[in-house]
Amino acid sequence: MQFGIFTVSDLTTDPTTGHTPDDAERIAATLTIARHAEEVGLDVFALGEHHNPPFWSSSPTTTLAAIAAATTTLKLSTATTLITTNDPVKIAEDHAMLQYVSGGRNDLMMGRGNTGPVYPWFGKDIRDGIALAVENYALLRQLWDQEVVTWQGRFRTPLRQFTATPRPLDGIAPFVWHGSIRSPEIAEQAAYYGDGFFHNNIFWPPEHTARMVALYRERFEHHGHGPAERAIVGLGGQVFMRPKSQDAIAEFRPYFDNAPVYGHGPSMEEFMRDTPLTVGSPAQVIERTLALRDLVGDYQRQLFLVDHAGLPLRTVLEQIDMLGEVVEQLRPEFEALRAPGVPSDPPTHAARLQARVGVGAASSVTAHLEDAGRIREEVRAGRPWSARSAESTGTSENEGEVAR
Numbered sequence: 000m001q002f003g004i005f006t007v008s009d010l011t012t013d014p015t016t017g018h019t020p021d022d023a024e025r026i027a028a029t030l031t032i033a034r035h036a037e038e039v040g041l042d043v044f045a046l047g048e049h050h051n052p053p054f055w056s057s058s059p060t061t062t063l064a065a066i067a068a069a070t071t072t073l074k075l076s077t078a079t080t081l082i083t084t085n086d087p088v089k090i091a092e093d094h095a096m097l098q099y100v101s102g103g104r105n106d107l108m109m110g111r112g113n114t115g116p117v118y119p120w121f122g123k124d125i126r127d128g129i130a131l132a133v134e135n136y137a138l139l140r141q142l143w144d145q146e147v148v149t150w151q152g153r154f155r156t157p158l159r160q161f162t163a164t165p166r167p168l169d170g171i172a173p174f175v176w177h178g179s180i181r182s183p184e185i186a187e188q189a190a191y192y193g194d195g196f197f198h199n200n201i202f203w204p205p206e207h208t209a210r211m212v213a214l215y216r217e218r219f220e221h222h223g224h225g226p227a228e229r230a231i232v233g234l235g236g237q238v239f240m241r242p243k244s245q246d247a248i249a250e251f252r253p254y255f256d257n258a259p260v261y262g263h264g265p266s267m268e269e270f271m272r273d274t275p276l277t278v279g280s281p282a283q284v285i286e287r288t289l290a291l292r293d294l295v296g297d298y299q300r301q302l303f304l305v306d307h308a309g310l311p312l313r314t315v316l317e318q319i320d321m322l323g324e325v326v327e328q329l330r331p332e333f334e335a336l337r338a339p340g341v342p343s344d345p346p347t348h349a350a351r352l353q354a355r356v357g358v359g360a361a362s363s364v365t366a367h368l369e370d371a372g373r374i375r376e377e378v379r380a381g382r383p384w385s386a387r388s389a390e391s392t393g394t395s396e397n398e399g400e401v402a403r
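Numbering that gives the first Met the number 0 puts the first residue of the sequence shown at 0, with every later residue one more than the last.
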């Protein structure tokens with residue numbers, strides 16, 4: 000099972016100090032958080048997309064590419080790619096490019112977005128949200144699956160003999176999740192294509208999450224992708240931990256009350272009672288997370304929100320340290336409970352490549368990177384045309400120039 004963290008990329012004042020991070024500070028912190036997540040053994044880092052204050056992440060693939068360069072095993076995902084307001088051509092090309100940069104460590108999560116003003120900023124109408132999601136995703140699939148696409152729809156300029164570049168790595172498109180909080184149409188879309196379904200699982204009662212996942216599983220089987228229990232499910236959640244639960248509650252309360260995600264509404268106690276928000280000890284986090292399996296069945300990805308509401312970087316890194324220890328206990332517990340035949344992980348690029356080509360198959364980008372690295376080392380070593388090579392053979396610089 001995959002465990003990780005996701006961020007909504009908010010720029011929020013720390014209510015205990017009055018400090019408000021700027022874009023530079025928050026982006027630097029996010030890169031640090033992702034590296035730290037890999038170091039403690041987490042599997043996934045996911046980043047949302049926003050185009051309005053108080054959020055900074057308007058270009059998730061750019062940030063994820065930087066994280067890919069600084070990590071080796073961490074799986075990279077969007078926590079939302081706005082399928083409604085982004086051009087499917089741009090999504091296809093950006094995420095294929097990220098495959099090459101990351102060595103196939105990326106997937107993405109489609110979402111409609113819940114910020115109404117964003118739609119007209121991109122020339123769209125929020126009343127077309129579902130229709131946009133359906134049409135744009137159908138085009139995205141064609142752009143990845145077909146090398147030459149001719150297409151016409153309601154919401155964008157027609158395409159004539161168009162090829163999206165680069166092509167998906169090894170001919171395998173990134174795995175797609177469809178994220179939703181409340182829209183059954185999105186669960187249906189995920190099921191129709193046999194993609195993964197991710198329920199945000201922050202704002203709503205557990206019973207609502209269970210209904211949405213059950214709908215997805217039922218429709219997944221209906222559309223012929225396999226038994227319902229083998230459908231690929233991910234859940235979100237939020238935790239704040241200290242060794243003593245009373246310390247966690249006291250420390251997190253001002254941040255909860257200040258949070259742009261859900262502050263200024265129900266009390267923290269009400270949220271802890273009615274939603275999966277867990278503020279307490281590591282043991283409480285383990286207990287409540289394991290209970291999610293009873294709610295939705297065996298699932299494959301669990302992401303936690305740990306860095307919002309103005310929490311300082313030091314505190315976030317401490318939370319990730321504790322989460323790493325919690326995950327060490329959660330992994331074997333989840334796998335011991337998993338029914339036979341139910342996948343432990345979502346489909347990875349490596350697993351899909353091996354299923355197509357055979358065990359031991361390596362991505363083409365791996366071999367090319369190794370070749371490029373070897374050539375670079377040869378050049379650095381001075382073979383065959385550097386000044387150092389010329390000196391070793393007694394050839395003058397001018398003679399070497401003539402020889403070239």
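Ideal Cβ positions, reconstructed from N, Cα and C, are used throughout, including at glycine.
Item: Three-state secondary structure assigned by DSSP to Gln301; Value: strand
Item: Sequence-distant residues of the same chain with beta carbon closer than 6 Å to Arg140, five excluded per side; Value: none
Item: Backbone CA spacing between Thr274 and Asp169 [nearest angstrom]; Value: 41 Å
Item: Residue interval of the alpha helix (DSSP H) (run including Val326); Value: Leu312 to Leu336
Item: Check whether Ala189 and Glu217 have beta carbons under 9 Å apart; Value: no
Item: For Phe270, the first and last residue of its enclosing alpha helix (DSSP H); Value: Met267 to Asp273
Item: Inter-residue spacing [alpha-carbon to alpha-carbon] between Ser363 and Leu75; Value: 19 Å
Item: Residues bridged to Gln8 (per DSSP); Value: Per the sequence shown, the amino acid found at residue 8 is Ser instead of Gln. Ser8 is not bridged to any residue.
Item: Nearest-angstrom Cβ-Cβ length linking Leu107 and Val212, presumed shorter than 8 Å; Value: About 20 Å; that fails the 8 Å criterion.
Item: C-beta contact flag for Val7 and His307 at 9 Å; Value: yes
Item: Element boundaries [beta strand (DSSP E), containing Leu46]; Value: Val43 to Leu46
Item: Delimiting residues of the alpha helix (DSSP H) encompassing Trp143; Value: Gly128 to Asp144
Item: Segment limits, alpha helix (DSSP H) that includes Thr60; Value: Pro59 to Ala69
Item: For Gly170, the three-state DSSP class (helix, strand or coil); Value: helix
Item: Cα-Cα separation, Trp150 to Arg104; Value: 30 Å
Item: Own chain residues within Cβ distance below 6 Å of Ala28, not counting five before or after; Value: Leu312
Item: Anticipated Cβ contact below 8 Å, Gln299 with Pro345, distance rounded; Value: 5 Å
Item: Close-in-space but distant-in-sequence residues of the same chain around Leu41 (CB under 8 Å, 5 per side omitted); Value: Phe2, Gly3, Ile4, Leu73, Ile319, Leu322, Gly323 and Val326
Item: Residue of Phe154, Glu146, His177 and Ala338 minimising C-alpha distance to Gly122; Value: Phe154
Item: Chain-order list of residues whose beta-carbon lies under 7 Å from that of Arg252 (same chain, five-residue window excluded); Value: Met267
Item: Buried/exposed call for Pro87, threshold 16 Cβ in 10 Å; Value: buried
Item: Collapsed DSSP secondary structure at Met211 in the structure displayed; Value: helix
Item: Span separating the alpha-carbon of Gly152 from that of Ala137; Value: 10 Å
Item: Residue interval of the alpha helix (DSSP H) (run including Gly372); Value: Ser363 to Ala380
Item: Touching by the beta-carbon criterion (3+ pairs, under 8 Å), the segment 6-26 and the segment 46-64; Value: yes
Item: Cβ contact (3+ pairs, closer than 8 Å) linking the segment 254-264 and the segment 283-298; Value: no
Item: Contact check, Ala64 vs Thr164, beta carbons under 9 Å; Value: no
Item: Limits of the beta strand (DSSP E) - the one that Met0 falls within; Value: Looking at the DSSP string, Met0 is not in any beta strand (DSSP E), and its letter there is neither H nor E.
Item: Contact check, Gly236 vs Thr288, beta carbons under 9 Å; Value: yes
Item: Contact belief for Trp143 with Ala91 at Cβ below 8 Å, rounded distance in angstroms; Value: 6 Å
Item: Candidates Leu310, Ile285 and Thr71, of which the one nearest Ala36 by Cα; Value: Thr71
Item: Inter-residue spacing [alpha-carbon to alpha-carbon] between Met109 and Thr80; Value: 5 Å
Item: Buried or exposed (CB count within 10 angstroms, at least 16 for buried), Leu336; Value: exposed
Item: Phe197 beta carbon less than 9 Å from that of Gly233; Value: yes
Item: Phe154, DSSP secondary structure in three states; Value: coil
Item: Span separating the alpha-carbon of Met240 from that of His263; Value: 22 Å
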